[in-house]
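Numbering (this note's numbering), first residue to last: 3 to 93.
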């Protein structure tokens, strides 16, 4: 009976892990948008987040975040505020 109880508890956990993989990008967009808003930048609706491999370094990730009202280049270093640069639409 103990084996069955263990399996019954493990199954929902495994399903939850599998489901979370599909939402990773959405969570990242929301996380970056939340950080921008906390630093005073408007981001009405996050649409897309793309990692910039050329600008990213160990412990310094660079992202391009597209919001419904603006596009930003965001550099994130652990435990520090993000460096944010608004990208002009014409570039």
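C-beta: ideal position from N, C-alpha, C; glycine also.
Exercise for the section: Return the Cβ separation of residue 66 and residue 54 in integer angstroms, given the expectation that the two are a contact with Cβ distance under 8 Å. Expected result: With 8 Å as the limit, residue 66 and residue 54 qualify as a contact, their Cβ atoms being about 6 Å apart.
Handout entry: Candidates 81, 33 and 85, of which the one nearest residue 50 by Cα
Key = Ranking 81, 33 and 85 by Cα distance to residue 50 puts 33 first.
Practice task
Counting only the same chain and skipping the five closest in sequence on each side, list residues whose C-beta sits under 7 Å from that of residue 79.
Solution key: Cβ neighbours of residue 79 beyond the five flanking positions: 61 and 62.
Problem - Span separating the alpha-carbon of residue 73 from that of residue 48 - result: Distance between residue 73 and residue 48, taken at the CA atoms: about 9 Å.
Exercise for the section: With a 10 Å radius around its C-beta and 16 neighbouring C-beta atoms as the bar for buried, classify residue 15 as buried or exposed. Expected result: At residue 15, the pLDDT of 47 sits below 50, so the modelled position is not reliable; the number obtained from the coordinates is stated separately. Only exposed fits residue 15, as fewer than 16 other CB atoms lie within 10 angstroms of its CB.
Problem - Distance, residue 35 Cα to residue 84 Cα - result: Rounded to the nearest whole angstrom, the CA to CA distance from residue 84 to residue 35 is 11 Å.
Problem - Same chain, Cβ closer than 6 Å to residue 91, five either side skipped, listed in chain order - result: Counting only Cβ-Cβ distances below 6 Å, and skipping sequence neighbours, we find nothing.
Handout entry: As assigned by DSSP and simplified to three states, the class of residue 64
Key = The answer is strand: DSSP assigns residue 64 an E or B state.
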